[in-house]
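First residue of the sequence shown? That's 1 in UniProt numbering, and the numbers climb one at a time after it. To keep things clear, I will list the structure first and then write my remarks on it.
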Amino acid sequence: MNLDDPFNDKYIEQDLDDSNDPFRDPGSSSNNRPTGLFSNVRQKLGLGNEYQDVGIPLTDYPSHDDPFRDPTSTQRDDRPPPDRDLNEDERNMFDIRRLYDKIRGRKRSINVDKGPRIIHLNDKTSNAAFGYGDNHVSTTKYNFATFLPKFLFQEFSKYANLFFLFTSVIQQVPNVSPTNRYTTIGTLMVVLLVSALKEILEDLKRANSDKELNSSKVEVLSPDHGEFITKKWINVAVGDIVSVKSEEAIPADLILLTSSEPEGLCYIETANLDGETNLKIKQAREETCHLVSPTDLIAMRGKILSEQPNSSLYTYEGNLNLYNKEYPLSPEQMILRGATLRNTAWIHGIVVFTGHETKLMRNATATPIKRTAVERIINLQIVALFGMLIVLALISSIGNVIQITADAKHLKYLYLEGHSKAGLFFKDLLTYWILFSNLVPISLFVTVEVIKYYQAYMIASDLDMYHAETDTPTVVRTSSLVEELGQIEYIFSDKTGTLTRNIMEFKSCSIAGHCYIDDIPEDKHAKIIDGVEIGFHDFKKLQDNLATGEDAMIIDEFLLLLAACHTVIPEVQSDGSIKYQAASPDEGALVQGGADLGYKFTVRKPKSVGIEIHGQYQEYELLHVCEFNSTRKRMSAIFRFPDGSIKLFCKGADTVILERLGEDNPYVSATTRQLEDYAAEGLRTLCIASRTVPNDEYESWVKTYEAAATDLNDRAQKLDDAAELIEKDLFLLGATAIEDKLQDGVPDTIHTLQDAGIKIWVLTGDRQETAINIGMSCKLLSEDMNLLIVNEDSVEATRENLISKLRAIREYKISQNEIDTLALVIDGKSLSYALDECDDLLLELGCLCKAVICCRVSPLQKALVVKMVKKKKKALLLAIGDGANDVSMIQAAHVGVGISGMEGMQAARSADFAIGQFKYLRKLLLVHGAWSYQRISQAILYSFYKNIALYMTQFWFVFLNCFSGQSIMESWTLTFYNVFFTVLPPFVIGVFDQFVSARLLDQYPQLYQLGQKGTFFNVTIFWGWVGNGFFHSAVIFVGSILFYRFDNALHGGQTADHWTWGTAIYTASVLTVLGKAALITNSWTKFTLIAIPGSFAFWLVFFPVYSTVAPLVNVSKEYVGVLAHLYTSATFWAMVFVLPVLCLLRDFAWKYYKRMYYPESYHYVQEIQKYNTANYRPRIEQFQKAIRKVRQVSRMRKQRGFAFSQDEGGQEKLIRMYDTTRARGQYGEMRDAELS
């Protein structure tokens, strides 16, 4: 995308660098600026050292006199030269960008090079003077000012429209056009009008969607009213203090001032921004966290010095000047638009960036104008046809000059003496240009536009792709891309919200070697086979064992661990129920699972936890927490029980728990086997273990732990080492299995799409273990796959890793079947190195693998990966996602699909297609995509063919009329050819034809490869149809001469003129092209009967009426007397029905030969469909599924995922802030527990 595009909404409110200003004073200098070329580029792209996008230090201010001077102040500027540019006022007055902005009614932002953004607290007037952008968001392609130039550029980038524009200009030249001068320009205007209406309707859909978002409500603090009042998002301005409630979306980029939680804490879900499932913890400055009432907030005085708008999601720099004291602001206080508030009653924050200046929108790009692969091929072939037209015109013009020169003595009646032969030649060239211009069908593009629009309507009306739960139909926002759906080779998918629901559910548990589950699957009831227990007990059996069984103590300790060992905060609701606030959804699921089984976590205090066990309240003293991190892969909590004993509870990945077990562990083999069964089902597993710690050992360990906690050198590592000392000799209680619930039908959809030859890349912001685990559960990764993991810390290491893997594949000469077992997993850091330095290696390895997973990637990296494949592979790409972090990826791909009906509709609004569930992608591509591609291909090829078949008779005629440029047919009748008599067949083929039924297209996904290979539309096929059109025109023309050579004598001794003969040719041509349409039609409907036989019948009725009436009103005078001499002639009727048979005989023979001796794959399926042949594929699939199940356990041993996804560090400090027994304050705030 061109960043300097004056019509780019994303940058329209942003000043360009003065060095690019066309009105800049050549004598002015910009050397004193602290930013350079690389800083500006980095700022545009959001790249740089740790995403430091601010090109200036916060200590640089707009003026050397007053660091807080308002850059937009109207105060007189008395700076002497050279500090002041003497031409500055004049340049500003006539700056075309400023005039353009005035027309659009938009405010301009301060130039980013002039210093930090200044935001006054509770001073709306001062903030308004800066001209910061408003909070509107637009995803439309056009606006009032840009529609005409953008639309005309888009339309006239199609060479055919340029060609007809030039043709219509030539037609206006007197004595040049052999046809009516308005036929071409009139048709062109209709084509442009239809296209414009389609673009306007589709953009209005986007505008209405934007309006719905911009009209969302939020509470804004009003100093005049002394309280929060409700406003629309679009009316939120920089400097406003807003209040956001739990479960609400953030309306703009905010600096957190205070919250309902202790010390200004709040939980933020950023899955819509970065794809991460765990909640982020944000914390206000301690200087503002106590300001909970509107009165306190209104009383604030000061200003914020903020970095300028940029695209970095993970950094922020700013200073808060409060009562003349400076306090630093960091990403910990920054909450971005697109995030959602969770597990927090409310927050108050001050707006720093709005609308298109928010980090979310800075990561987006302007809605691009996408062109399809078919359109690109057509464009190139139109150039070739134009060249052919020039050749034909040259032949005819040269022939005319030669004819006139050779027969000059016989052509004196033309009065050509004294005329320049060169002038005659060029005049003839223009005449023949117009005569042969219909080689390119002008009706093609309006036909294709209408076909695509109706195909889009049918996609949107498909009830199989309607999501009833959310009342979400499929929405087509860009109908021009429907045929691209049938040619996709790569799918780039987000994970969170697209493949998964981001809902964790406690599915099953293994305790003391026995598996328990709520609802036992069919044929999975527990039974003993060869001394080994296989299958599940239900939770009722668990309760019975807890009450009377021999495993009662182990079950009790297991469930107690679930209820106590975590960082969850219980929140009592108004109805008395308890809602668990968990930064990790896995933790919340485990605690909820324990509560459902009778161990309800109810109270969190700084030094204890309260648990209600089957109605009886118990309190356990929390001594220490050994926190989870990605290296330890476990979490431990040490409790003192009511009886004085000390217990260590530990949960974590099986690999780290099993190696820390003591000698007496009877349940290891059974639990390990059950873990493998869980992993085979794609469940997230944790091992649960405990240990009784002797008092003397604990006292000794505490000293070591406290020493590590206060050490200033490598504290984190020493804390981990201290935890190792006590996390030993554990007793394995069992394991848990959590299901990260997938969207409905995801595994089957992915499996089917892979069978269709589509490669799927998952790009997610989640951690590597989580991404792999989801890959297993959604069947993107299968049990027999080998994972190629790239997780390096430097460019060289990344390059060497990729090279070594490629070398191994080449050296061992891995077969195709073995290559299909490879999957690439690469993390965000390695990906950034690969994209910068060795993208060719990454692409080569990725294309060899059946599946690719990129984890911990930023929104920008998602777009860069798509652009890399798009640039280097001649393949069509589809990107699908549901969050704002997916917008850039969606817009970068050839086809963008958004998941609608979810929170955060940014992806659906920016996409070309919006569907309610990922599973609908299956029918969208395999059925509607395949149909659309085949239909559009046939309609386009047929449109070119039918024009050539008729209009090339004009070329053959020049050899009989002394190259005079005389038309063989009446000009308005030629125009009606595409308007009335052959307009319906391409419509019906393009809208209703089905080369294979929807059921069989879904059942045989391999048919989708027809589109990937370009089977129905490519250069060879295109020129085959063109050649066939020439052949039919020659047969019709030569045949008509033979028919009328001796039979043009009419009864009464009169002779038929060439208008009678030309009308006969026209009629034979119409019947021929309609017969060709019948030959290529796969399914006949009532619309087909109307379009093909009906069109010919319409011509036979239309001609008598028109040829009688038109001459009476001085139109088409050539038809005077023709009708009486035409329909009464046996020659006419014989020719009309014989010549089409001669033309189509070759076509029929070729179709028979191809189907019988060289059939395509879809020919076999058509036979199955026609004769309803029995299909044994489901039985084969069941057998294959059983085989896979047998192999699963051994394959999955190395690829189990564990259920932890929370932020690292600070967990113990967080939970010790809460005392849930204390009542909340007047405004719902919870005071710090340490204050009690």
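Ideal Cβ placement from N, Cα and C applies to all residues, glycine included.
For residue 533, list the residues DSSP reports as bridge partners.
528
Given a cut-off of 8 Å, decide if residue 346 and residue 1252 are closer than it, judged by their beta-carbon atoms.
The displayed coordinates of the chain run from 1 to 1236. Any statement about residue 1252 would go beyond what the structure contains.
Over the uninterrupted alpha helix (DSSP H) stretch that includes residue 751, give me the two end residues.
746-755
Look at residue 953 and residue 1036 and say whether their C-beta atoms are less than 8 Å apart.
yes
Starting from the C-beta of residue 688, find all residues in its chain whose C-beta is less than 7 Å away, skip the five residues before and the five after it, and write them out in chain order.
Short of 7 Å from the beta carbon of residue 688, and not among the five residues preceding or following it, lie these beta carbons of its own chain, in chain order: 558, 561, 651, 733, 734, 735 and 736.
Skipping 5 residues on each side, what residues in its chain have a beta carbon closer than 6 Å to that of residue 160?
382 and 440
On a Cα-Cα basis, can you pick out the residue from 153, 665, 964 and 937 that is closest to residue 1020?
Residue 1020 has its Cα closest to that of 937, out of 153, 665, 964 and 937.
DSSP three-state call for residue 1032: helix, strand or coil?
Residue 1032 carries a helical assignment under DSSP once its states are collapsed to helix, strand and coil.
How would you call residue 1229, buried or exposed, if buried means at least 16 neighbouring beta carbons within 10 angstroms?
buried
Expressed to the nearest angstrom, what Euclidean distance is found between the alpha-carbon atoms of residue 633 and residue 769?
11 Å
Using DSSP with H/G/I as helix, E/B as strand and the rest coil, what is residue 371?
Collapsing the DSSP output to three states places residue 371 in coil.
Between which two residues does the beta strand (DSSP E) containing residue 350 stretch?
346-353
Could you say which of 391, 1074, 308 and 1070 lies nearest to residue 356 if we only look at CA atoms?
308
Looking only at DSSP bridge pairs, what is residue 321 linked to?
303 and 326
Can you tell me where the alpha helix (DSSP H) with residue 557 in it begins and where it stops?
552-564
Alpha carbon to alpha carbon, how far is residue 1112 from residue 1075?
Approximately 34 Å between the Cα atoms of the pair.
Below 7 Å CB to CB, which residues in the same chain sit around residue 1092 once its five sequence neighbours on both sides are set aside?
985, 1074, 1077 and 1078
Report the residue from 774, 727, 680 and 958 whose alpha carbon sits nearest the alpha carbon of residue 503.
774
Roughly how many angstroms separate the alpha carbons of residue 223 and residue 267, rounded to a whole number?
28 Å
So residue 239 and residue 119 are supposed to be a Cβ contact under 8 Å. How far apart are they, rounded?
That pair is a contact at about 5 Å.
Considering Cα atoms alone, identify which of 818, 674, 968 and 814 is closest to residue 532.
674
Hey, residue 924 and residue 1002: beta-carbon distance below 8 Å or not?
no
Express the C-alpha separation of residue 1034 and residue 944 in angstroms, rounding to a whole number.
16 Å
Can you pull the DSSP bridge partners for residue 611?
601 and 618
Write down every uninterrupted run of the beta strand (DSSP E) in the segment 402-482 whose length is 3 residues or greater and which is fully enclosed by it, in chain order.
With a minimum length of 3 residues, there is no unbroken run of beta strand (DSSP E) contained wholly in the segment 402-482.
Can you tell me which residues form a DSSP beta bridge with residue 761?
Looking at the DSSP assignment, residue 761 forms a beta bridge with 492 and 852.
Report the option in 899, 1170, 955 and 865 whose CA atom is closest to the CA atom of residue 889.
865
Across the segment 1142-1159 and the segment 998-1017, are there enough close Cβ pairs to call them in contact, namely three or more that are closer than 8 Å?
no
In the segment 637-698, which residue ranges form an unbroken alpha helix (DSSP H) of at least 4 residues, counting only runs that do not cross its ends?
654-658 and 668-680
Is the distance from the Cβ of residue 310 to the Cβ of residue 371 below 8 Å?
no
Could you check what DSSP says for residue 1106 in three-state terms: helix, strand or coil?
helix
Going by beta-carbon coordinates alone, are residue 708 and residue 729 separated by less than 8 Å?
no
Three-state secondary structure (DSSP) at residue 1041?
Helix, per DSSP.
Only counting runs of 3 or more residues, tell me where the beta strand (DSSP E) segments fall wholly within the segment 811-879, in order along the chain.
822-827 and 851-855
Can you name the start and end residues of the alpha helix (DSSP H) that residue 272 belongs to?
Boundaries of the alpha helix (DSSP H) harbouring residue 272: 271-274, taken from the DSSP string.
Helix, strand or coil for residue 633 per DSSP?
coil
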